[in-house]
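Sequential numbering from 1 applies to the sequence shown in the working numbering.
First the structure, in the form of structure tokens, and then the observations on it.
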Amino acid sequence: MTTPAWLGVDVGTSSLKVIAVGENGSALAEQEVALPLERPTPQETEADPRAWTQAVDALVLPMSDTYDVQAVGVTGQMHGTVLVSASGEPVRPAILWPDSRAETVRHRWDTLPAEALARLGNPWSPGMTGPVLAWLAEHQPDVLARSERVALPKDFVREHLVPGRATTDPSDASGTLLWDVTVGAWSPEASALVSHELLPEVSDSTDVVGQWHGADVSVGGGDTPVSLLALMHAVDGWQAGDVVVNLGTGAQVIDPLADRQPGSGWSEVHLYQGVSDDRYAMVAAQNGGLAISWAQEQLGLSWDELSVLYQQAPAGAEGVLFSPFVAGERGSLSPVRAGPGWSPTSSGAEPSTALRARATAEAQAFLVRRSWELLGVDTRRVLLVGGGARERWVQQLLADVLAKPVHHLPMRSASAAGAVILAGGPTLQQSRLQDTVEPQESLALEHAYLQWHDTMYG
Numbered sequence: 001m002t003t004p005a006w007l008g009v010d011v012g013t014s015s016l017k018v019i020a021v022g023e024n025g026s027a028l029a030e031q032e033v034a035l036p037l038e039r040p041t042p043q044e045t046e047a048d049p050r051a052w053t054q055a056v057d058a059l060v061l062p063m064s065d066t067y068d069v070q071a072v073g074v075t076g077q078m079h080g081t082v083l084v085s086a087s088g089e090p091v092r093p094a095i096l097w098p099d100s101r102a103e104t105v106r107h108r109w110d111t112l113p114a115e116a117l118a119r120l121g122n123p124w125s126p127g128m129t130g131p132v133l134a135w136l137a138e139h140q141p142d143v144l145a146r147s148e149r150v151a152l153p154k155d156f157v158r159e160h161l162v163p164g165r166a167t168t169d170p171s172d173a174s175g176t177l178l179w180d181v182t183v184g185a186w187s188p189e190a191s192a193l194v195s196h197e198l199l200p201e202v203s204d205s206t207d208v209v210g211q212w213h214g215a216d217v218s219v220g221g222g223d224t225p226v227s228l229l230a231l232m233h234a235v236d237g238w239q240a241g242d243v244v245v246n247l248g249t250g251a252q253v254i255d256p257l258a259d260r261q262p263g264s265g266w267s268e269v270h271l272y273q274g275v276s277d278d279r280y281a282m283v284a285a286q287n288g289g290l291a292i293s294w295a296q297e298q299l300g301l302s303w304d305e306l307s308v309l310y311q312q313a314p315a316g317a318e319g320v321l322f323s324p325f326v327a328g329e330r331g332s333l334s335p336v337r338a339g340p341g342w343s344p345t346s347s348g349a350e351p352s353t354a355l356r357a358r359a360t361a362e363a364q365a366f367l368v369r370r371s372w373e374l375l376g377v378d379t380r381r382v383l384l385v386g387g388g389a390r391e392r393w394v395q396q397l398l399a400d401v402l403a404k405p406v407h408h409l410p411m412r413s414a415s416a417a418g419a420v421i422l423a424g425g426p427t428l429q430q431s432r433l434q435d436t437v438e439p440q441e442s443l444a445l446e447h448a449y450l451q452w453h454d455t456m457y458g
């Protein structure tokens with residue numbers, strides 16, 4: 001008899017992950033494949049959506065032969081913009097969240113009434129779907145003319161599995177700068193700024209849209225709220241003072257128990273809808289693993305080589321500071337110093353490769369601390385997840401920089417595991433807290449953070 005399984009599919013920025021979970025919560029299979037990104041200029045970040053569907057076919061189809069698939073849950077990177085023709089094909093490459101070309105249309109949103117801006121629940125970000133649609137209307141109107149609708153990344157992949165129903169969910173919609181988070185509907189004021197006839201209908205994340213190989217497929221949700229669903233199950237429910245740090249291509253610092261009301265005008269903190277009729281607050285840095293990958297390329301280092309050099313160099317990197325801003329940032333994360341690169345040492349000397357490697361890793365932790373300070377939560381536990389968090393030295397660095405205990409959850413993909421739960425499947429057994437990493441006081445590291453903060457933010 002074939003083993004029952006629930007599948008979770010996560011369409012990430014740099015990779016696609018699929019997990020098969022058995023009825024007792026065991027991980028039956030986990031697979032991951034890299035996804036290509038196109039960055040022809042520093043302002044552009046695009047991807048071919050057909051590469052996503054090809055990757056899904058390559059990883060998911062064999063599982064239907066191996067397991068008795070009960071249901072499929074889908075999640076993916078938020079904010080991406082896929083223009084789709086009447087035949088269901090992408091009209092152009094997808095424009096992804098680090099893309100900054102839509103900065104030129106910010107004035108459209110700035111003219112909205114302060115109350116309408118606040119109800120969008122986000123700081124300005126040019127890579128979100130709304131600004132991208134406005135930019136396309138000015139620069140590529142032929143693309144919009146050939147488009148029947150816009151799809152977010154996880155929705156495009158889900159429609160590949162189950163054609164026929166074009167919809168998104170509230171969690172993904174709330175990351176478009178077109179959604180009113182206070183009433184849970186498209187904002188009439190913001191939607192009027194774009195070709196609103198392209199916007200999809202919105203359905204609950206758990207709604208079943210059809211079947212794939214006999215398995216129910218649900219609408220799904222954005223990767224951050226879906227990962228929070230998995231983490232909530234993994235820690236047996238949230239506690240007051242919990243803060244989640246996710247290290248991936250970006251870096252997110254999240255309050256999963258957000259009890260906030262929008263104020264007036266642009267928000268400093270993201271206030272998004274979750275996948276369980278809830279809301280969460282977040283400060284999201286775009287330059288997490290994105291900046292580390294840039295540094296590795298510049299230094300000619302693999303991740304393992306960077307790890308070794310980091311541990312050889314002293315805390316504070318002898319005054320070397322790394323500016324991680326490969327892509328633009330949002331709100332108060334936006335630096336006064338633009339662009340990536342390293343400073344000299346405190347003595348003015350050219351830094352060694354080891355010092356550059358150390359400064360690169362420290363800058364990611366510093367950006368997380370800056371985000372954490374902006375979030376403003378009286379923190380009790382720091383719950384650490386994401387592909388960039390697997391090394392013990394990364395966990396220790398964050399504990400030291402935040403001066404808080406860090407609890408690592410060793411999920412290969414919290415989002416994929418959450419997609420399984422969203423589809424009605426069991427909680428992954430392996431998703432449990434590991435040993436706590438206690439902070440170690442480091443005056444050199446604290447001095448380095450203050451110097452980095454002053455240099456980047458004035």
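Yeah, the Cβ is synthetic: ideal placement off N, Cα and C, and Gly gets one too.
DSSP, read as helix, strand or coil, puts A234 in helix. Bridge partners of V245 according to DSSP: V253, L384. Assignment of V105 by DSSP, reduced to helix, strand and coil, places it in the helix class. Straight through space, the alpha carbons of L112 and G221 are spaced by roughly 28 Å. The C-beta distance from Q70 to A5 rounds to 7 Å, short enough to meet the 8 Å contact threshold. For Q77, no alpha helix (DSSP H) segment is defined, and its DSSP state is neither H nor E.
D68 and V382 have their C-alpha atoms some 37 Å from each other. Judged by DSSP in its simplified three-state form, G127 adopts coil rather than helix or strand. For F322, the beta-bridge partners assigned by DSSP are W342. For P4, the enclosing beta strand (DSSP E) covers residues 4-11.
Between the segment 219-233 and the segment 411-423, the count of C-beta pairs closer than 8 Å reaches three or more; the two stretches touch. Around A399, the same chain offers P405, V406, V437, E438, P439 as residues with beta carbons nearer than 7 Å, after the five sequence neighbours per side are excluded. CA-CA distance, G418 to T427, rounds to 8 Å. 8 Å or more divides the Cβ of L37 from the Cβ of S15.
According to the DSSP assignment, W212 belongs to the beta strand (DSSP E) that extends over 208-212. Assignment of beta-bridge partners to I95 by DSSP yields E46, T81. Look at the beta carbons and you see the segment 274-293 touching the segment 360-368: at least three pairs across the two are nearer than 8 Å.
Measuring C-alpha to C-alpha distances from S347 to each of F322, V132, A317 identifies A317 as the nearest. As summarised for the segment 116-194, the continuous alpha helix (DSSP H) elements at least 4 residues long and confined to that stretch are 129-139, 141-145, 153-161, 170-173, 188-191, given in chain order. Contact check between the segment 141-157 and the segment 48-57: three or more CB pairs, one atom from each, fall below 8 Å, which counts as touching. Contact between the segment 294-306 and the segment 249-257 is absent: fewer than three C-beta pairs spanning the two stretches fall below 8 Å. Between the segment 169-177 and the segment 190-210, the count of C-beta pairs closer than 8 Å reaches three or more; the two stretches touch. Under the criterion of beta carbons closer than 8 Å, V9 and Q77 do not qualify as touching, at roughly 12 Å. Annotated as distal: A313 and R369, with beta-carbon spacing of 8 Å or more.
By a beta-carbon distance limit of 8 Å, S264 does not contact E391. Their separation comes to about 42 Å. For L409, the secondary structure class from DSSP, reduced to helix, strand or coil, is coil. Around the C-beta of R356, 16 or more other C-beta atoms lie within 10 Å, and the residue is accordingly described as buried. If one requires a minimum length of 3 residues, the beta strand (DSSP E) runs lying completely within the segment 271-318 are 279-285, in chain order. About 4 Å separates the CB atoms of E46 and P93; that is less than 8 Å, so the two are in contact. With distances taken between CA atoms, D454 lies nearest to L333 out of W124, L333, V162. For S371, the enclosing alpha helix (DSSP H) covers residues 353-375. Excluding the 5 residues flanking it on each side, G424 has same chain C-beta neighbours closer than 6 Å at A71, in chain order. In the three-state DSSP reduction, E23 falls in the coil class, being neither helix nor strand.
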